[in-house]
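Participant: Handing you a structure now.
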Amino acid sequence: MVPTRYIFVGVTIAVLALTSRGTLAEADIASEDSLASAFLAQCLHMQDCVRERMATGGTMDPALVQMIEAGMTGQCEAQLQKISQYEASPHTQKLKDCYQAMTALSCAEHAAQPSVPACEQ
């Protein structure tokens with residue numbers, strides 16, 4: 013399995029492609045305990061962390077902030093459809109546990125790239 017720090021780097025990069033909270037079709041998630049639901053919660057949390065970092069990271073060019081926000085629009089829904097395909101996978105519980113553990117971390121903890129046991133092999 014990929015070391016956690018690489019997962020967080022990948023997630024941080026990928027989060028730039030995730031949607032804003034207002035455009036998600038949350039009603040499409042069949043179960044609160046589904047893999048899709050866990051992914052969505054983690055996705056939204058990571059977006060919030062990116063926004064928090066942009067807000068506290070000093071002055072960013074407003075055009076850059078707008079470009080990042082535009083890049084996030086629409087992507088979570090596309091990934092949510094892909095994630096839903098793995099609901100019946102033998103690894104579903106492990107993935108849900110990882111997403112839930114990552115969602116439980118504060119943004120400061122994410123930035124420190126901690127080891128997340130639920131995301132390890």
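Per our numbering: the sequence shown = residues 13 to 133.
Positions of the beta carbon are idealized from the N, C-alpha and C atoms, including for glycine.
Please read all numbers here as calculations on a predicted model, not as lab measurements.
Compare the C-alpha of residue 113 against each of 100, 92, 127 and 103 and name the closest.
Facilitator: That would be 127, whose Cα lies nearest to the Cα of residue 113.
Participant: Going by C-alpha to C-alpha distance, which of 101, 109, 122 and 123 sits closest to residue 132?
Facilitator: Nearest option by C-alpha distance: 109.
Participant: Cα separation between residue 94 and residue 100?
Facilitator: One C-alpha to the other measures close to 13 Å.
Participant: With a threshold of 16 other CB atoms inside 10 Å of the CB of residue 97, please say whether the residue is buried or exposed.
Facilitator: The residue is exposed, with fewer than 16 neighbouring Cβ atoms inside 10 Å.
Participant: Cβ of residue 59 within 9 Å of Cβ of residue 79?
Facilitator: For residue 59 and residue 79, no; Cβs fall outside 9 Å.
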